Amino acid sequence: MNTKTLGYTTMVISATLMGFVGLFARNINTSGDVIAFTRMTVGAICILAIMLYKGNALSIKNTKLSPTVMVSGACLGLCLAAYVSATQYTTLANAVFLIYTGPVFSTLLAAIFLKEKISALTGTLLTAVFIGCLFIIGIISYSSTEGVVVSLSFSKENFLGDMLGLASGFGYGLFLFFSRYRTDVSSDSRSFFNFLFGAIAIGAYFMVSPPSLADMDASSWVWLIAMGFFIGFGALSLLTIAAKHLKAAELACVSYFETVVGAGIGILLFGESLTMLQTLGGLLVIGGGMGEIVFTIAKKKPSQQAQLEH
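Under our numbering, think of the first position of the sequence shown as 1, with each following residue one higher.
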């Protein structure tokens, strides 16, 4: 499997798992920061156990830490804390869309500071998935009386959740951007440090705002531990691998698949609904993300064939 295929495969699986965040969060009776801290901690323990089993734990000790490694982990932890909290105070569609303002932000930063070029095709597909997200959240809507309406407004009921969603998007964008630095660090070690510094950042926040576990029951603990394993260790480790092998714009295109998964879960399990325009948005997200994968892999095959012939 070449690096691009590996990157796209891990990103699709990661985005799918991340789409289940709202389902888990709404079954856990505690705050988003506690949930995110658990995801970081379980992830760190799992990845360390795997590295010990494989006999390469020394690579952690031998990794030269840099500010970008530490900051990327801290941004990941804090953005996930804000995101999980957002899913508890606003609709899943809103929460998922707002955190995914991050990939657009990271793409721009990577183009400016890392000189990563955005091809015309990738730019077009990224635009398509972003517009799809605008359809899903309802910023672009349609009615028979007013026609197509473009508006950005936050209801009083969802205001806190929407603001937390915006904060999560900003943090996610910084995480993706800083992840493009130090690609020399192995995926296992980078995952461990992401989990470690994410947990440290949330732990520091706990000193300012102590968490409460008073409402946690047996069911909540089961959901919390399961979320830590599947959407902490599983999804975030795969995201770290994808960020190592894909450019920011490529990562952004595929990452938006989570918006479709999140919105679908909201419809199926929580009675949330999608209009025809929002459904079109979902198709744009899927088409844009999958289009990036198909075109990239198709472009790779002729070059690989030419190398084999030589």
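Backbone N, C-alpha and C define an ideal beta-carbon position, used for all residues, glycine too.
What you are looking at is a predicted structure, and each value in this text was computed from that prediction instead of being measured.
Ends of the beta strand (DSSP E) at residue i?
i	result
K142	Note that residue 142 corresponds to Tyr in the displayed sequence, not to Lys. Note, Y142: beta strand (DSSP E), 140-143.
G147	147-150
Can you give the Cα-Cα distance for residue i and residue j, rounded to whole angstroms?
i	j	result
T5	K247	13 angstroms
S85	P211	13 angstroms
A311	L269	Coverage of the chain is limited to positions 1 through 310, which leaves residue 311 absent and any answer about it impossible.
L280	E146	19 angstroms
V294	V260	19 angstroms
A110	L251	12 angstroms
H245	G132	25 angstroms
S168	D162	10 angstroms
L308	K299	Caution applies to L308, whose pLDDT of 48 falls short of 50 and renders its modelled position unreliable; the model cannot decide the point.
L224	L238	20 angstroms
T87	A95	6 angstroms
S31	L80	12 angstroms
A191	G165	In the sequence under discussion, the amino acid at residue 191 is Ser, which differs from the Ala named in the question. S191 and G165: Cα-Cα distance of roughly 24 angstroms.
F233	R39	7 angstroms
L17	A49	21 angstroms
L160	G288	30 angstroms
M51	S273	43 angstroms
G264	K61	42 angstroms
F177	M207	28 angstroms
S14	F175	15 angstroms
G123	C253	9 angstroms
A25	D184	34 angstroms
V143	L283	At residue 143 the sequence reads Ser, which differs from the Val that was named. Roughly 20 angstroms separates the two Cα atoms.
G171	A82	9 angstroms
Y89	L277	24 angstroms
E292	T91	28 angstroms
Check for me: the alpha helix (DSSP H) holding residue i runs from which residue to which?
i	result
K54	32-54
A218	218-227
L80	67-89
Y172	159-179
S119	Run containing S119: none; DSSP gives neither H nor E here.
T240	235-245
A57	No alpha helix (DSSP H) holds A57; DSSP gives it neither H nor E.
Y8	3-18
G22	21-25
F230	F230 -> no alpha helix (DSSP H), and no H or E assigned at all.
V104	102-113
Item to check | Every unbroken beta strand (DSSP E) within the segment 256-304, with a cutoff of 3 residues, ordered by chain | outcome: none
Checklist entry - Could you give the uninterrupted runs of the beta strand (DSSP E) lying entirely in the segment 191-219, keeping only those of 3 residues or more? => result Secondary structure in the segment 191-219: no beta strand (DSSP E) run of 3 residues or longer lies completely within the stretch.
Checklist entry - Are at least three pairs of beta-carbons, each pair with one atom in the segment 39-47 and one in the segment 122-133, less than 8 angstroms apart? => result Look at the beta carbons and you see the segment 39-47 not touching the segment 122-133: under three pairs across the two are nearer than 8 angstroms.
Checklist entry - Would you say the segment 87-105 touches the segment 194-202, given that touching needs at least three Cβ pairs under 8 angstroms? => result With a cut-off of 8 angstroms, the segment 194-202 and the segment 87-105 do not count as touching, because too few Cβ pairs lie within range.
Checklist entry - For the 8 angstroms Cβ check, are there 3 or more pairs between the segment 222-232 and the segment 26-39? => result yes
Next on the checklist: Would you call the segment 71-80 in contact with the segment 111-118, where contact means no fewer than 3 C-beta pairs closer than 8 angstroms?
Outcome noted: With a cut-off of 8 angstroms, the segment 111-118 and the segment 71-80 do not count as touching, because too few Cβ pairs lie within range.
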